[in-house]
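**Q** Just so you know, we're using my numbering here: the sequence shown kicks off at 124 and counts up by one.
We treat Cβ as the ideally placed atom computed from N, Cα and C, and that holds for glycine.
Every value quoted in this text rests on a predicted model; they were computed, and no experiment measured them.
Structure below; questions to follow.
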Amino acid sequence: MVLDPAGDHPVDRAEALMIAAARAQHVAEVVRPTLAEGRHVVTDRYLESSIAYQGYGRRLGPDEVAAVSAFATEGLVADLVVLIDVDGPVAANRRSGHLDRIELAGDEFHARVVAAYRAMATAEPDRWVVVDGTGTVEEVAERVAAGVADRLGPA
């Protein structure tokens with residue numbers, strides 16, 4: 124319902140709450156149990172994504188979205204956030220097949236999201252690794268691995 128471009132769409136505030144609810148479930152069922160076993164967790168699109176997409180992209184306000192996200196995760200934040208940074212046209216060219224509702228949100232929306240990610244990374248450089256996302260999948264993967272190893276040590 125949140126991503127499907129067809130049919131009824133949730134209002135922006137409902138979208139933020141639905142994503143927070145899904146994240147609460149994911150943290151309770153997957154993330155916390157895995158951390159309790161002493162293992163690392165790599166997850167795609169965590170709190171910072173909600174702040175970027177709903178807080179800035181949907182203009183709901185970053186503080187409000189951060190508060191809802193903190194409630195949903197019981198305050199669990201990532202030790203490290205990786206931003207694969209590409210310009211809008213590069214990202215648009217990489218999209219293929221069926222585009223979801225958020226991917227169809229328009230250039231201005233996505234410009235706000237990209238600016239938000241970059242601002243968050245600048246504000247907390249010790250917690251973020253910003254990787255140049257241009258190049259092949261293999262080149263970007265190598266940059267991500269090197270950036271993570273620099274911060275957390277080799278695997």
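Return the bridge partner residues of V253 from the DSSP annotation.
**A** Looking up residue 253 in the sequence shown gives position 130. Its beta-bridge partners are L206.
**Q** Within this structure, are the beta carbons of V213 and T257 separated by less than 9 Å?
**A** Along the sequence shown, read from residue 1 onward, the residue named residue 213 stands at position 90. Along the sequence shown, read from residue 1 onward, the residue named residue 257 stands at position 134. Cβ distance < 9 Å, so V213 and T257 count as in contact.
**Q** Could you have a look at L275 and say whether DSSP puts it in helix, strand or coil?
**A** Here residue 275 refers to the residue found at position 152 of the sequence shown. Three-state DSSP puts L275 in a helix.
**Q** In whole angstroms, what separates the C-alpha of V271 from that of E231?
**A** Locating residue 271 in the sequence shown gives position 148, counting from the first residue. Locating residue 231 in the sequence shown gives position 108, counting from the first residue. Each residue's Cα considered, the two are about 31 Å apart.
**Q** Does the structure place the stretch 233-244 close enough to the stretch 191-208 that three or more beta carbon pairs sit under 8 Å?
**A** Touching, yes.
**Q** Taking C-alpha atoms, which residue in R250, E171, P185, T196 lies nearest to V153?
**A** Locating residue 153 in the sequence shown gives position 30, counting from the first residue. The candidate whose alpha carbon is nearest that of V153 is T196.
**Q** Applying the 10 Å Cβ sphere with the 16-neighbour rule, what's the burial state of V279?
**A** For residue 279 there is no data in the structure shown, the boundaries of the chain being 124 and 278.
**Q** Return the first residue and the last residue of the alpha helix (DSSP H) that Q148 is part of.
**A** As a working note, residue 148 is residue 25 in the sequence shown. Its alpha helix (DSSP H) spans residues 135-149.
**Q** Let me confirm a value: D135 is counted as buried when at least 16 other C-beta atoms fall within 10 Å, else exposed. Which label applies?
**A** Position 12 of the sequence shown, counting from 1, holds the residue named residue 135. With fewer than 16 Cβ atoms within 10 Å of its Cβ, D135 is classed as exposed.
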